[in-house]
Amino acid sequence: MSTAEFDQSVETLEPSMSGRSPALPIQLTARDISVWFGKRKVLEGVNIDFPKNTVTALIGPSGCGKSTFIRTLNRLHELIPGAALAGEVLYEGKDIYSPDIDPTHIRLNIGMVFQKPNPFPSMSIRGNVLSGLKLSGMKRSNHDDIVEETLTAAGLWNEVKDRLGAHAGELSGGQAQRLVIARALAVQPHVLLMDEPCSALDPASTLKIEETIRELSKDITVIIVTHNMQQAVRVSDYTAFFLAAENEPGHVVEQGPTTDIFSNPRDQRTLDYVNGRFG
Amino acid sequence: MTVTDPVFRDLHSAATSHRGDRIFNRTVTALAFTALLVLAGISIFLGAQAVPVLAELGPSYLTTTAWDLTSTPPDVGIWGMLYGSVLLAVIGLLIAVPAGLLLAVFMVFMAPPKISKALTSLVDLMAAIPSVIIGLWAFYVLTGPAVEWQQLLNEYLGWIPIFQNTSGNFLGTPFIAGFVLAIMMIPIITSISREVLSHTPPELINASEALGCSLWTMLRYVALPYGRGGIVGGIMLGLGRALGETIAIFFVLKIVFEVNWYNIIESGGGSVASLIVSKFGEANAGFETQLLLAAGFFLFLLTLIVNVIANLIVSRTGRMQR
């Protein structure tokens, strides 16, 4: 990275801090994140702070690097062949990419929910909730309580409490997605990343998941990628708008409190996007 | 109110009314039945040979282990050979299953794409080596080192009954024959396991990665359970080859007419297929040939049973996944 680039990124850091309540401690910080796949640069100089116990929505048209960005926040990005990264991600002030950090530990603290509901089909509902403990070798006692707590938090408990032994494959798409949220919660993460969690779901299920997100944000920090403007307005406290010009890496055009981004954006492109004029 | 029976429309002839389709359908149906006919033909031919043998010797043909045609009545039985075939296959499986699975895991989840591709072609090439070549190679090249391995096994693990050897002769042992079978099974098991594992849904791999699990736990709880049906199928296909393998075993196994129950590094063992090939050349055209064909019938039956069991396992594990 050249010095000029670095200076520029320091500048862009400033507006991202403004507009946020200074009282909220910052849980996760992306500092000057750039991403490459092979020789192709797909993301440039992203700086975002994620305050503790808030919901931040990442919006923008397809192919602007939102999903790529979210995967850098819990070190899933590095598992893709040919992936490269510059910059820092600070989790509670410490760089998650520093050599003395165990990526497994990071992924347990920063959980993730994907676009397509992906419960383990060969496991029961209960088995799925507890699978994170099993897969990571994490020890927690009182499995029955964990199952009830997390399924309740994910808004699924009442629908499945009588058939916890049933195969996860029997659930509908919306239920499966809420099961996956419960599974992510069972390992007690402090941050939950959600990559378009509702894009494969019907409106009723979407509403339930949104309620769940609001509820979760009392205790954990949520970062959600969404293509749905109304959803961003409904669930998020802060919004970052990503954009990529043709054959150029994506970057953050504007970020701040969700109300500002949607009602009073500073950039013309943001205004056009949130009003549905492109994307 | 009168109830009239519904008039059913002809839905099927319409679908095949095109002349080309009709010809194609009939050809394919005929070919499909050819497979059944061949299977039935083999069963009937071998079964017909087995009938006079069983009539003459009774069930003792299956329960004794001997090949003495000079005594009256002839003292002949293939129990040791049938048991030997299974024993060799089990030894082969114990070596080939872990080796093949690990190779497949390496190719799918660990190797760089180029190496993985190269290995895929190599493994397929390995499957195409004729068994007579493997047999010759084993006879001239493998037996030397294999004798030394067996001596080591005997020296350090000789207190385990299966590694006992009292004769001091380490040639022509079930271990060497089983090892040769493993070499022939590994490409089959690897190839099928690789195919199955490479179809592990990426979203499930994603899920396990996001839950902070290692490659090992991902394999154990996600990839292997997902591919279980296919992998078992691959193993059974390898087993089918092992049970029927003839000429490679013929080169490396000393056939003896006594049951070698478990001394796998002791010289001498049994194999139905190798028995047939070793006796067939000098067999008289009458009863002895019939004896060998009857042996073939029971080998055929054995492989059939193994295949049926394999299918049951595959369909059962397949159902459990859904």
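Protein chains in written order, with my numbering: chain X, 1 to 279; chain B, 1 to 322.
Even glycine gets a Cβ: it sits at the ideal position worked out from N, Cα and C.
Secondary structure at residue 105(X): helix, using DSSP grouped into helix, strand and coil. Close to residue 116(X), with beta-carbon spacing below 8 Å, are these residues of chain B in chain order: 203. In the DSSP assignment, residue 86(B) falls within the alpha helix (DSSP H) that extends over 79-105.
The C-beta of residue 140(B) has fewer than 16 other C-beta atoms within 10 Å across all chains shown, which makes the residue exposed. Contact annotation for residue 47(B) against chain X: no contact, minimum CB-CB distance about 42 Å [criterion: below 8 Å]. Interface criterion not met: the Cβ of residue 140(X) is under 8 Å from no Cβ in chain B. Cβ atoms of residue 251(X) and residue 44(X) come within 8 Å of each other, at about 5 Å. Nearest CB-CB separation between residue 69(X) and chain B: not below the 8 Å threshold. The continuous stretches of alpha helix (DSSP H) do not include residue 243(X), which lies in the beta strand (DSSP E) extending over residues 238-243. Residue 61(X) and residue 24(X) do not touch by the CB rule: their CB atoms are close to 29 Å apart, not below 8 Å. Any Cβ of chain X closer than 8 Å to the Cβ of residue 219(B) would place that residue at the interface, and such an atom is absent. A straight-line Cα-Cα distance of about 51 Å links residue 35(X) and residue 90(B). Residue 138(B) sits close to residue 251(B), with the two beta carbons spaced by under 8 Å.
For the stretch 191-215 of chain B, the residues whose beta carbon sits under 8 Å from a beta carbon of chain X are, in order, 201, 203, 204, 206, 207, 208, 209, 210, 211, 212, 213, 214. Here the stretch 180-198 of chain B makes no contact with the stretch 279-294 of chain B; the two share fewer than three CB pairs at distances below 8 Å. Its Cα nearest to that of residue 46(X), the residue 33(X) stands out among 55(X), 33(X), 37(X). Residue contact with chain B for residue 50(X): absent (no Cβ-Cβ distance below 8 Å to any residue of chain B). Excluding its 5 nearest sequence neighbours in each direction, residue 76(B) has C-beta neighbours in its own chain below 8 Å: 57, 61, 64, 66, 67, 68, 69, 291, listed in chain order.
Under the three-state reduction of DSSP output, residue 244(B) falls in the helix class. Distance from the Cα of residue 219(B) is smallest, within the candidate group 110(B), 4(B), 38(B), for 110(B).
Per DSSP, reduced to three states, the secondary structure at residue 24(B) is helical. Secondary-structure assignment with DSSP links residue 278(X) through no beta bridge to anything. Bridge pairing for residue 48(X): 30(X) [DSSP].
Around the beta carbon of residue 23(B), fewer than 16 other beta carbons lie within 10 angstroms, which makes this residue exposed. In the structure shown, residue 140(X) adopts coil according to DSSP, grouped into three states.
The criterion of a C-beta distance shorter than 8 Å is not satisfied by residue 293(B) and residue 274(B). From the listed residues 134(X), 169(X), 142(X), the smallest Cα separation to residue 213(B) is found for 134(X). Look at the beta carbons and you see the stretch 188-195 of chain X not touching the stretch 154-167 of chain X: under three pairs across the two are nearer than 8 Å. Under the DSSP definition of a beta bridge, residue 223(X) partners with 56(X), 193(X). Three or more pairs of CB atoms, one per stretch, sit closer than 8 Å, so the stretch 168-179 of chain X contacts the stretch 118-128 of chain X. Its Cα nearest to that of residue 149(X), the residue 216(X) stands out among 124(X), 238(X), 216(X). Its chain contains 197, 219 as the residues whose beta carbon lies nearer than 7 Å to that of residue 105(B), once the 5 sequence neighbours on both sides are disregarded; these appear in chain order. Per DSSP, the continuous beta strand (DSSP E) segment holding residue 113(X) begins and ends at 110-113.
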